[in-house]
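Asker:
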Amino acid sequence: EDFTEGYRQVHEYADAALAIDPNNAAALHSKANALWVSELDIVAATNLYERALESDANHSGAIGWLSFLLLAQGRNDEAIELAERALDIDPLSIAAFRALGDAYRVAERFDDAITMYKTALELQPDTARVHGRLARIALGQRDFETAAVHIPLEPVQWVKDMYAIMLNSKGEDSQAFQDAARAYEAAYGTSNSYQLAEIYGFVGDMDNTFKWLQTGIDVKDPGVPWASTSVFLQPAQDDPRWPSILEQLGL
Numbered sequence: 001e002d003f004t005e006g007y008r009q010v011h012e013y014a015d016a017a018l019a020i021d022p023n024n025a026a027a028l029h030s031k032a033n034a035l036w037v038s039e040l041d042i043v044a045a046t047n048l049y050e051r052a053l054e055s056d057a058n059h060s061g062a063i064g065w066l067s068f069l070l071l072a073q074g075r076n077d078e079a080i081e082l083a084e085r086a087l088d089i090d091p092l093s094i095a096a097f098r099a100l101g102d103a104y105r106v107a108e109r110f111d112d113a114i115t116m117y118k119t120a121l122e123l124q125p126d127t128a129r130v131h132g133r134l135a136r137i138a139l140g141q142r143d144f145e146t147a148a149v150h151i152p153l154e155p156v157q158w159v160k161d162m163y164a165i166m167l168n169s170k171g172e173d174s175q176a177f178q179d180a181a182r183a184y185e186a187a188y189g190t191s192n193s194y195q196l197a198e199i200y201g202f203v204g205d206m207d208n209t210f211k212w213l214q215t216g217i218d219v220k221d222p223g224v225p226w227a228s229t230s231v232f233l234q235p236a237q238d239d240p241r242w243p244s245i246l247e248q249l250g251l
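Taking my numbering, the leading residue of the sequence shown gets 1, the next gets one more, and so forth.
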C-alpha cells in the first residue's frame, strides 16, 4: 500500500482550512505532520509546528509531534521538555503519557518511560500500543520474560504479531524466523514496511532490513521517520548503506 493518497487528502483539507484562517492551529499541525512523514521535509514541518504553537501555545498535538520530530534529530532533551509540557497541559491525556514515555525511551531513561506507559494503562487499561511499547523496551534489553507478559495484552494485532516474531526468534536468525517474517509480509504487505525493517534488524539480517527501509521510504510509510530512534535498527547504523537512509530522511 502506498500512503500517498491519504497524505494528499490531509494536505487538501488543511489547505482549505488555512485558506479560511491562516492561523488555524489544527490545520497547521495536520499539514506539518504530512510534510514530515510523507515528504520528509523537516524544515517545513518544523516551521508549521512552530506557527501552530504561535497561534495556540497549548495545542497538545503540535507540541507532541514537534517533540517526536526533535527525537528523530537526536535532540532528546528538547523533546522531553516539550513532551513534559504537553502532559502538564492535559494531565489525563493518554496520548501525552505515551509521547512522554516515547521521549524517555528514546533517551534511554527506561524506568521513566515504563512509569509513563504503566500510568497510561492505569488510566485506560485497554489503550492501544502501550503494552507493545513495554514489550519493545523489554525486547531491546533482551528481557524476553517481560516481553512475553506484555505481547499477548497488546490489542493491536499487527503490533502483537511483530513483537511475537521477535520474541520467538530470541534475536537469532533461523529458517523459522524467516518463515514468520515472510508470513508477516504476506499478512500486512508494504503498509508495514517499517515494521518489517525492524523485525529483520532485530536478528541482524541487514539485507532485508535495508530492503524494507527503502521500501518504507518509497511508499511513504509513516513509521520510517522514526528509524534513527529505533533500538532494533542500531546494528544497521554501522552499515555503509545507513548514511543514504539518513539523507533520504532529511537527517
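Yeah, the Cβ is synthetic: ideal placement off N, Cα and C, and Gly gets one too.
Would you mind stating whether THR115 and GLY101 have Cβ atoms separated by less than 9 Å?
Answerer: Yes, the Cβ-Cβ distance between THR115 and GLY101 is below 9 Å.
Asker: Would you be able to state if there are at least three C-beta pairs under 8 Å between the segment 86-100 and the segment 121-137?
Answerer: Output reads yes: the segment 86-100 touches the segment 121-137.
Asker: Would you give the residue range spanned by the alpha helix (DSSP H) that HIS243 belongs to?
Answerer: The sequence shown places Pro at residue 243, rather than the His named in the question. Unbroken alpha helix (DSSP H) run through PRO243: 242-248.
Asker: Can you tell me the Cα-Cα spacing of PRO243 and GLN237, whole angstroms?
Answerer: Straight-line Cα distance between these residues: approximately 8 Å.
Asker: So what's PHE3 in DSSP terms, helix, strand or just coil?
Answerer: Residue state, collapsed to three classes: coil.
Asker: Only counting runs of 4 or more residues, tell me where the alpha helix (DSSP H) segments fall wholly within the segment 76-141, in order along the chain.
Answerer: Counting only runs of 4 or more, we get 76-89, 94-106, 110-123 and 131-140.
Asker: With a threshold of 8 Å on Cβ separation, who are the neighbours of THR229 within its own chain once the five nearest residues in sequence on each side are excluded?
Answerer: The residues are LEU71, ALA72 and VAL106.
Asker: Just verifying my parser: in three-state terms, what is the DSSP assignment at VAL37?
Answerer: Three-state result, VAL37: helix.
Asker: Classify THR4 as buried or exposed, calling it buried when 16 or more other Cβ atoms lie within 10 Å of its own Cβ.
Answerer: Counting Cβ neighbours within 10 Å, THR4 comes out exposed, since fewer than 16 surround it.
Asker: Give me, in chain order, the residues of the same chain whose beta-carbon lies closer than 6 Å to that of VAL10; leave out the 5 immediate sequence neighbours on both sides.
Answerer: If we look at VAL10 and ignore the five residues flanking it on each side, its Cβ neighbours are SER30 and ALA34.
Asker: Please classify ASN208 as buried or exposed, where buried requires at least 16 neighbouring CB atoms within 10 angstroms.
Answerer: So ASN208 ends up on the buried side.
Asker: In terms of alpha-carbon separation, which member of TYR200, VAL149 and TRP158 lies closest to GLY171?
Answerer: It is TYR200.
Asker: How big is the Cα-Cα spacing for PRO125 and PRO240?
Answerer: Rounded to the nearest angstrom, the two C-alpha atoms are 43 Å apart.
Asker: Please identify the residue among LEU251, PHE232 and ALA17 whose C-alpha is closest to the C-alpha of ILE137.
Answerer: The candidate whose alpha carbon is nearest that of ILE137 is PHE232.
Asker: Starting from the C-beta of TRP212, find all residues in its chain whose C-beta is less than 6 Å away, skip the five residues before and the five after it, and write them out in chain order.
Answerer: Closer than 6 Å at the Cβ level, and outside the excluded window around TRP212, lie SER193, LEU196 and ALA197.
Asker: My assumption, with CB atoms under 8 Å, is that ALA79 sits in contact with ALA44. Please give the rounded CB distance.
Answerer: That belief does not hold up - the Cβ atoms of ALA79 and ALA44 are roughly 19 Å apart, past 8 Å.
Asker: Do THR46 and ALA32 have their beta-carbon atoms positioned less than 9 Å apart in this structure?
Answerer: Yes; because the gap between Cβ atoms is below 9 Å, this pair is in contact.
Asker: Is the beta carbon of ILE89 sitting closer than 9 Å to the one on SER67?
Answerer: Result no, Cβ atoms of ILE89 and SER67 do not sit closer than 9 Å.
Asker: If I measure Cβ to Cβ from LEU121 and keep anything under 6 Å in the same chain, skipping five residues before and after, which residues do I get?
Answerer: Within the same chain, LEU121 has close Cβ partners VAL130.
Asker: Quick one: grab the DSSP three-state call for SER230.
Answerer: The answer is coil: DSSP assigns SER230 none of H, G, I, E or B.
Asker: The alpha helix (DSSP H) spanning ASN168 covers which residue range?
Answerer: Taken as a continuous stretch (DSSP letters only), the alpha helix (DSSP H) holding ASN168 covers 157-169.
Asker: Going by alpha carbons, who is nearest to ASP221 out of GLY64, VAL156 and LEU40?
Answerer: Nearest of GLY64, VAL156 and LEU40 to ASP221, Cα basis: LEU40.
Asker: Among MET166, TRP36 and LEU18, which residue has its Cα nearest to the Cα of GLY140?
Answerer: Among MET166, TRP36 and LEU18, the Cα nearest to that of GLY140 belongs to MET166.
Asker: Would TRP158 and ALA187 be called neighbours here (beta carbons separated by less than 9 Å)?
Answerer: Taking 9 Å as the Cβ cut-off, TRP158 and ALA187 qualify as a contacting pair.
Asker: For VAL149, which of ARG142, ALA135 and LEU48 has the nearest alpha-carbon?
Answerer: The shortest Cα separation from VAL149 among ARG142, ALA135 and LEU48 belongs to ALA135.
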